[in-house]
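Novice: Quick one: structure below, then a few questions.
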Amino acid sequence: EEVLGEDTPLGVSGIRVRHTKTGEMHDIPCKGVFIAIGHAPANELIKDDLELHNGGYVKVKLGSTETSIPGIFAAGDLTDHVYRQAVTSAGMGCMAALDAERFLAESADDLEK
29 EEVLGEDTPL GVSGIRVRHT KTGEMHDIPC KGVFIAIGHA PANELIKDDL
79 ELHNGGYVKV KLGSTETSIP GIFAAGDLTD HVYRQAVTSA GMGCMAALDA
129 ERFLAESADD LEK
């Protein structure tokens with residue numbers, strides 16, 4: 029129902045939840061909140077260009093963030109149809125950056141030859 033917080037010091041102090049069967053409200057103290065906005069991948073920009081799994085997730089090469097188009101990398105909510113967690117998305121973002129850096133370095137080497 030609601031994220032509870034304080035202005036001084038600024039921060040989250042809890043959440044207010046509603047029991048789905050009884051309608052009863054409860055406050056749960058906590059210092060942080062992850063808000064899930066759904067699990068549908070936001071693929072509108074690439075859905076016609078990249079190979080997708082069922083459900084619209086971008087298909088990547090096993091152990092990599094490489095897509096079906098060389099030089100295009102995908103990560104996080106766009107590819108992760110199993111775990112769907114912020115922490116795995118962050119890790120995959122790092123992987124995509126490293127994969128892109130490697131791709132650009134190899135492309136530069138090819139141009140110099």
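With the numbering used here, the residue at position 89 of the sequence shown is 117, and numbering never jumps.
A virtual CB, placed ideally from N, CA and C, is assigned to each residue, including glycine.
Note that the structure is predicted; figures quoted are calculated from it, not measured.
Which residues share a DSSP beta bridge with Val88?
Specialist: Note: Val88 sits in no beta bridge, so no partner.
Novice: I need the straight-line Cα distance from Ala128 to Gly39, nearest angstrom please.
Specialist: Spanning the two alpha carbons is a distance of roughly 36 Å.
Novice: Ignoring anything shorter than 3 residues or poking outside the stretch 37 to 70, list the beta strand (DSSP E) runs there in chain order.
Specialist: For the stretch 37 to 70, whole beta strand (DSSP E) runs of length 3 or above, ordered along the chain, are 38 to 46, 53 to 57.
Novice: Note the first and the last residue of the continuous beta strand (DSSP E) segment covering Leu32.
Specialist: Leu32 -> beta strand (DSSP E) spans 30 to 35.
Novice: Could you pull out every residue in the same chain whose Cβ sits closer than 7 Å to the Cβ of Asp108, ignoring the five residues on either side in sequence?
Specialist: Cβ neighbours of Asp108 beyond the five flanking positions: Thr116, Ser117, Met120.
Novice: On the CB-based measure, 16 or more other CB atoms within 10 Å of its CB, does Leu77 come out buried or exposed?
Specialist: The amino acid at residue 77 is misidentified as Leu; the sequence shows Asp. So Asp77 ends up on the exposed side.
Novice: Run the CB neighbour count on Leu132, radius 10 Å, all protein chains shown included, and call it buried at 16 or more, exposed below.
Specialist: Exposed: under 16 other Cβ atoms inside 10 Å.
Novice: Tell me whether Glu94 is buried or exposed, calling it buried when 16 or more other Cβ atoms sit within 10 Å of its Cβ.
Specialist: Glu94 is buried by the Cβ-count criterion.
Novice: Counting Cβ pairs closer than 8 Å, one from the stretch 61 to 79 and one from the stretch 88 to 106, do we hit at least three?
Specialist: Contact between the stretch 61 to 79 and the stretch 88 to 106 is present, because at least three Cβ pairs lie under 8 Å.
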